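Colleague:
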Amino acid sequence: MRSRDEPVRLTRIYTRGGDTGETSLGDGSRVSKLDCRIGAFGTVDELNSALGVVLAGDVTDGLREPLARIQNELFDVGADLSVPWGVTDRLRVEHRMIERLEELCDAFNGELPELKSFILPGGTETAARLHVARTICRRAERDVLLGSQEMELNPQVLVYLNRLSDLLFILARLANANAGVAEPLWKPGSSR
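Mapped onto my numbering, the consecutive letters of the sequence shown carry residue numbers 132 to 323.
1. State yes or no: is the C-beta of V224 within less than 8 Å of the C-beta of V288?
2. From which residue to which residue does the alpha helix (DSSP H) around T191 run?
3. L246 by DSSP, collapsed to three states: which one?
4. According to DSSP, is L316 part of a helix, a strand, or is it coil?
5. Between S180 and T257, what straight-line distance do the alpha-carbon atoms span, to the nearest angstrom?
6. Are there 16 or more other CB atoms within 10 angstroms of the CB of R133, so buried, or fewer, so exposed?
7. According to the neighbour-count rule (16 or more other Cβ atoms, all chains shown, within 10 Å of its Cβ), is G311 buried or exposed?
8. What residue from G188, V184, V190, E314 has the CA that sits closest to G253's CA?
9. Do the CB positions of A264 and L178 come within less than 8 Å of each other?
10. Closest to E245 by C-alpha separation, out of L305, G320, A271, would be which residue?
11. Kindly give me the distance between the Cβ atoms of L261 and W317, rounded to whole angstroms, as I take these residues to be in contact under 8 Å.
12. Here's the rule: buried if 16 or more other CB atoms are within 10 angstroms of the residue's CB, otherwise exposed. What is R200?
13. Considering only their Cβ atoms, is the gap separating L243 from A308 smaller than 8 Å?
14. Closer than 8 Å is the cut-off here; do at least three beta carbon pairs connect the region 182-195 with the region 275-291?
15. Give the list of continuous alpha helix (DSSP H) stretches no shorter than 4 residues that lie fully inside the region 201-264.
16. Mind checking which residues open and close the alpha helix (DSSP H) that includes S296?
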């Protein structure tokens, strides 16, 4: 029996099982790699990689800890999406995970000035990377929504991703504020 700290044991990375365009879900069932769930947790994986790029850069300790926890939670999100909703006794996104994101949103947003304009993605490198992660998160949210129209998925996943995109926006703003860099503001009609 493996411990909780050893959820998988990979002795070989390639299996040849996906060579014909199919892959296995978390319950062992085989589906096309075009299955909506595969697309959804693939985008969640892309988001996780984008957060890895953020964390590889110059990130303050105050942002590092929650982002590292969120990376782990995104694996939980992928695990949830990879097992059909009716299967019980599996790892699922729970409301408490969403509450923690909301607590972070409230705490970090409380440190920021009120927004009086839309902001453009940018400023510091960390902020720009967080904005890229935010846009990937929004795409993951759309992919899960699309998937939920085809089959039943855990509705908490959609809420989690929606709240996470809000948090990533706030953290991008905070990264600029912490560095003393002004946020690039949208200037309507400036290209005229």
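Every residue gets a Cβ at the ideal spot worked out from N, C-alpha and C, and that includes glycine.
No experiment lies behind these values; they were computed from the predicted model shown.
Modeller: Short version:
1. yes
2. Here T191 belongs to no alpha helix (DSSP H), and DSSP marks it neither H nor E.
3. coil
4. strand
5. 14 Å
6. Since pLDDT at R133 reaches only 49, below the 50 mark, its modelled position is unreliable, and no value is offered.
7. exposed
8. E314
9. yes
10. L305
11. 18 Å between Cβ atoms; not a contact.
12. exposed
13. yes
14. no
15. 226-240
16. 286-310
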